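One structure is given below, encoded as structure tokens.
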Amino acid sequence: MIRTLAGALFASLLSLGVSAAEPVYKIGSTTTGNPFTFLNVETNKIDGLMVDLITEIGKDQGFEVDLQAVPFASLIPSLQGDKIDIVSAAITITPARAEIVDFSDPVFPYTEGVVVPKDDATEYKSATDFAGKTVGVQGGTTYYEYLQKVGGFAEIKTYDSIADIMRDVELGRIQAGFADQPIMQYRLSQEESDKIRIVPTYEPGVIGQVALVVKKGNSELLAQLNAGIKKIKESGALEDLQAKWGLR
45 MIRTLAGALF
55 ASLLSLGVSA
65 AEPVYKIGST
75 TTGNPFTFLN
85 VETNKIDGLM
95 VDLITEIGKD
105 QGFEVDLQAV
115 PFASLIPSLQ
125 GDKIDIVSAA
135 ITITPARAEI
145 VDFSDPVFPY
155 TEGVVVPKDD
165 ATEYKSATDF
175 AGKTVGVQGG
185 TTYYEYLQKV
195 GGFAEIKTYD
205 SIADIMRDVE
215 LGRIQAGFAD
225 QPIMQYRLSQ
235 EESDKIRIVP
245 TYEPGVIGQV
255 ALVVKKGNSE
265 LLAQLNAGIK
275 KIKESGALED
285 LQAKWGLR
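For the sequence shown, the numbering used here begins at 45 and goes up steadily by one.
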């Protein structure tokens, strides 16, 4: 009788443990995209709006997040190679990307901006105004594809991070840097530079929507993410996160 009861109790506890366990998803995020995803030097962990977003969705949908630092250009290859399960970063929906991965519902709109030396007072309107100049952009981004289509530049240099682009504009290695406008605006608001400026007259050529990303065909996980995005929007939590990170 005692053995029977003990066995039944063990089986019951085991069952409870299995049913209570939440799945853990590996989340690919960059470490250079303040305020969306970045390495917090105080905690040595990845932080930012997109980290908060996926964490809140995980709480709502019953999964835990395991953040993985991945360079921007390696996010989609890492997803396809099953090294990560979800991309939560400042990545936008494009037709080309949608052929090889699945996007969630849009989270919020996103555009590119341009930084130039402060002593360059030109009122640039579009990318074509930079013809003949050496410009910089992150590799693997829609902005790089856009600049290639525009053409006419002396050279398009590619970088791993926005910080590197802004640094090279400051050092005079390139004459303009194209990157995520919100990220560059945030960086300059946190540490004002006397050497570079964002061009206020520039009209973006790429107007996209940031979304979460999963491997092609992973409809079950995609449905979870969409349900979480819907709830976080309806509750006002998304607006709160944007305000927290200086984007509202």
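Idealized CB from N, CA, C, for every residue including glycine. Here the structure is a predicted model, which means the values were calculated and not measured.
Counting along the chain, the unbroken beta strand (DSSP E) around Ile90 starts and ends at 89-91.
The shortest C-alpha to C-alpha distance from Ile242 to any of Asp224, Val160, Gly249 is the one to Val160. Secondary structure at Glu108: strand, using DSSP grouped into helix, strand and coil. Closest in C-alpha terms to Lys89, from the list Leu111, Ser148, Ile101, comes Leu111.
Here Ser73 is near Val131, since their CB atoms are less than 9 Å apart. For Thr186, the enclosing alpha helix (DSSP H) covers residues 186-194. With contacts defined by Cβ atoms closer than 9 Å, Ala267 and Arg231 do not form a contacting pair.
The bridge partners DSSP lists for Ser263 come to none. Of the candidates Met210, Pro244, Pro115, Gln105, the residue whose Cα lies closest to the Cα of Lys169 is Pro244. For the pair Gly216 and Ile120, the CB atoms are not nearer than the 9 Å cut-off. DSSP places Leu119 outside any beta strand (DSSP E); the residue lies instead in the alpha helix (DSSP H), whose first and last residues are 119-124.
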